[in-house]
Amino acid sequence: MQLQDQFSRKFYYLRLSITDVCNFKCNYCLPDGYKADGKPEFLGRDELRRIVTGFAEMGTEKVRITGGEPSLRKDFTDIISDIAAIPKINKVATTTNGFNLEKYAQQWRDAGLDAINVSIDSLDARMFRQITGKNMFHKVMAGLDAAFTAGFETVKVNTVLMRNLNDIELDDFLNWIKTRPIQLRFIELMQTGDNQALFDKHHVSGASIRDKLILQGWVSKVRGKADGPAQVFIHPDYVGEIGLIMPYEKNFCSTCNRLRVSTKGRLHLCLFGEAGVELRDLVQDDNQQQALINRVVEHMSDKKSTHFLQDGFTANTPHLASIGG
383 MQLQDQFSRK FYYLRLSITD VCNFKCNYCL PDGYKADGKP EFLGRDELRR IVTGFAEMGT
443 EKVRITGGEP SLRKDFTDII SDIAAIPKIN KVATTTNGFN LEKYAQQWRD AGLDAINVSI
503 DSLDARMFRQ ITGKNMFHKV MAGLDAAFTA GFETVKVNTV LMRNLNDIEL DDFLNWIKTR
563 PIQLRFIELM QTGDNQALFD KHHVSGASIR DKLILQGWVS KVRGKADGPA QVFIHPDYVG
623 EIGLIMPYEK NFCSTCNRLR VSTKGRLHLC LFGEAGVELR DLVQDDNQQQ ALINRVVEHM
683 SDKKSTHFLQ DGFTANTPHL ASIGG
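Given below as C-alpha cells:
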C-alpha cells in the first residue's frame, strides 16, 4: 500500500526523532541549552524498528534519524543498522550537529547510513560560536572531511539563514562549495512560540537568496519523490548545489511527502504541528503491526492542506535545523 492523505499527497519519507537531548545551544533552537523534562523515556531500539517496519509497509522508502542530536544516543550506530536492515527502506539519513562526526563517520557508514546532513551556520569560527553557543567550528569541519573519507559522495549542510549574522556570508558559502560536493541548504528562520524578538531581528526571506542565485546563472533541479522540501539549484561552474527551504512561501505544503514521529512515539502529521497521534502502545510487540498501520491510516484524514505559517501561526518544533531533509 501507499500512504496518502485526502489531498492525494503521498508519503515516502519519515523523520524519526530518537532523542530530545542536544549538546549545542543554538540561539534559534535551544539558546539556554537542553533541559530535561523529568526522566527521558525515549523510544527503544525495538520500538523504533517496529515503527519503521510499519511505515515501510505503508510505502515509506526514506527514513531520516533526527534529534536533538541523535549521535548522543549510545546505541545510535545500532539504530542505523536496525533501520537499514528493514525491507523496503532504501535510504537511511541523519541530521547531526557534527560533534561526533569525525569520530564515528566510518562506523555510521558501515552500519548502513546512506546520507548525512550537518548543521553549519557559519564559515567564520567566531560567528559559528555566536550562533551555536559552542567553540566547535574546527571540530565540525573536521567531521565533514571525515564524512567524505568514509565514503559519503555528497554531504548536505544545513544553515539557518539569519539577517546581519550569516546572510552576509553568501559569497563565502558559494566559494566554499565551488569545488566541493556539498549541497548547501539555507533554511529560513521560523517564528516559534518563544522566539518573537529573535525572529523580528534576524528573519530574512530565502527568496532574496533565490533572486541572487538566478541572476548568477543558477537553475532549478528536478525534485525526486522522496526528496525533502528544498528548492535545489545547480550551476555548471559549481560542483556543489544550493537548496532553499522556505516554509513561508505560498504552496510550500503542496508537495509534502513527510511525516514525523517524536522521541516518545507520537505521530505528527505536520512537521511544525504540536498535536500528535499516540503510536507507542502499538509498538510493544511485533504482532501489533497491522493495528499500527490501521491507526496511522485512520488519522491521515486529519492532515491539513497547509501548516498555516504564512497566516501568522507559529511553528511548534524547536529543532529548526533538523527540518532540512
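Under the working numbering, the final residue of the sequence shown carries the number 707; numbering is consecutive throughout. In this text, a Cβ means the ideal position worked out from N, Cα and C, and glycines have one as well. On a predicted model such as this, the values are computed, not experimentally measured, just so you know.
Original post:
Relative to the alpha-carbon of histidine 584, which residue among Arg391, Leu398, Arg397, Asn409 has its alpha-carbon at the smallest distance?
Top reply: Counting from one through the sequence shown, the residue named residue 584 turns up at place 202. Answer by Cα proximity: Asn409.
Original post:
For leucine 385 versus glycine 441, is the C-beta spacing smaller than 8 angstroms?
Top reply: Translated into the one-based positions of the sequence shown, residue 385 becomes position 3. Translated into the one-based positions of the sequence shown, residue 441 becomes position 59. Yes; because the gap between Cβ atoms is below 8 angstroms, this pair is in contact.
Original post:
Do you know how far the Cα of glutamine 573 is from the Cα of alanine 697?
Top reply: Residue 697 sits at position 315 when you count from the first residue of the sequence shown. Residue 573 sits at position 191 when you count from the first residue of the sequence shown. Caution applies to alanine 697, whose pLDDT of 49 falls short of 50 and renders its modelled position unreliable; the model cannot decide the point.
Original post:
Start and end of the beta strand (DSSP E) containing threonine 477?
Top reply: As a working note, residue 477 is residue 95 in the sequence shown. Its beta strand (DSSP E) spans residues 473–478.
Subject >> Span separating the alpha-carbon of lysine 516 from that of phenylalanine 510 >> reply: Here residue 516 refers to the residue found at position 134 of the sequence shown. Here residue 510 refers to the residue found at position 128 of the sequence shown. When rounded, the distance between both Cα atoms is 8 angstroms.
Original post:
Would you call glutamine 598 buried or exposed, if buried means 16 or more other Cβ atoms sit within 10 Å of its Cβ?
Top reply: As a first step, residue 598 is located in the sequence shown; it is residue number 216 there, counting from the start. Its Cβ having fewer than 16 others within 10 Å, glutamine 598 is exposed.
**OP:** Run the CB neighbour count on lysine 560, radius 10 Å, all protein chains shown included, and call it buried at 16 or more, exposed below.
**Re:** By 1-based counting over the sequence shown, the position of residue 560 is 178. Flag for lysine 560 reads exposed.
Original post:
Under the three-state reduction of DSSP, which class applies to asparagine 557: helix, strand or coil?
Top reply: To locate residue 557, count along the sequence shown from 1; it is residue 175. Note: asparagine 557 maps to helix in three-state DSSP.
Original post:
Can you tell which of Asp387, Asn669, Glu423, Leu580 has its C-alpha closest to the C-alpha of serine 399?
Top reply: Taking the first residue of the sequence shown as position 1, residue 399 is located at position 17. With distances taken between Cα atoms, serine 399 lies closest to Glu423.
Original post:
Per DSSP, what kind of secondary structure is glutamine 386 in: helix, strand or coil?
Top reply: Here residue 386 refers to the residue found at position 4 of the sequence shown. Looking at glutamine 386 - three-state DSSP - the assignment turns out to be strand.
Original post:
What residue from Thr536, Phe406, Thr645, Leu552 has the CA that sits closest to arginine 662's CA?
Top reply: Translated into positions along the sequence shown, residue 662 becomes position 280. The shortest C-alpha separation from arginine 662 is found at Thr645.
**OP:** Check whether the Cβ atoms of threonine 531 and leucine 566 lie closer than 8 angstroms to each other.
**Re:** Counting from one through the sequence shown, the residue named residue 531 turns up at place 149. Counting from one through the sequence shown, the residue named residue 566 turns up at place 184. No, the Cβ-Cβ distance between threonine 531 and leucine 566 is not below 8 angstroms.
Subject >> Three-state secondary structure (DSSP) of threonine 442 >> reply: Sequence index remark: in the sequence shown, residue 442 carries index 60 (1-based). In this structure, threonine 442 counts as coil in the three-state DSSP scheme.
**OP:** Return the Cβ separation of lysine 685 and aspartate 387 in integer angstroms, given the expectation that the two are a contact with Cβ distance under 8 angstroms.
**Re:** Sequence index remark: in the sequence shown, residue 685 carries index 303 (1-based). Sequence index remark: in the sequence shown, residue 387 carries index 5 (1-based). With 8 angstroms as the limit, lysine 685 and aspartate 387 qualify as a contact, their Cβ atoms being about 4 angstroms apart.
**OP:** Could you tell me whether the segment 452–459 touches the segment 482–502, where touching means 3 or more Cβ pairs closer than 8 angstroms?
**Re:** yes
Original post:
Looking only at C-alpha atoms, which of Leu595, Arg642, Gly610 sits nearest to proline 618?
Top reply: The count along the sequence shown starts at 1 and reaches residue 618 at position 236. Ranking the options by Cα distance to proline 618, first place goes to Leu595.
**OP:** Look at leucine 505 and aspartate 554 and say whether their C-beta atoms are less than 8 angstroms apart.
**Re:** Translated into the one-based positions of the sequence shown, residue 505 becomes position 123. Translated into the one-based positions of the sequence shown, residue 554 becomes position 172. Yes.
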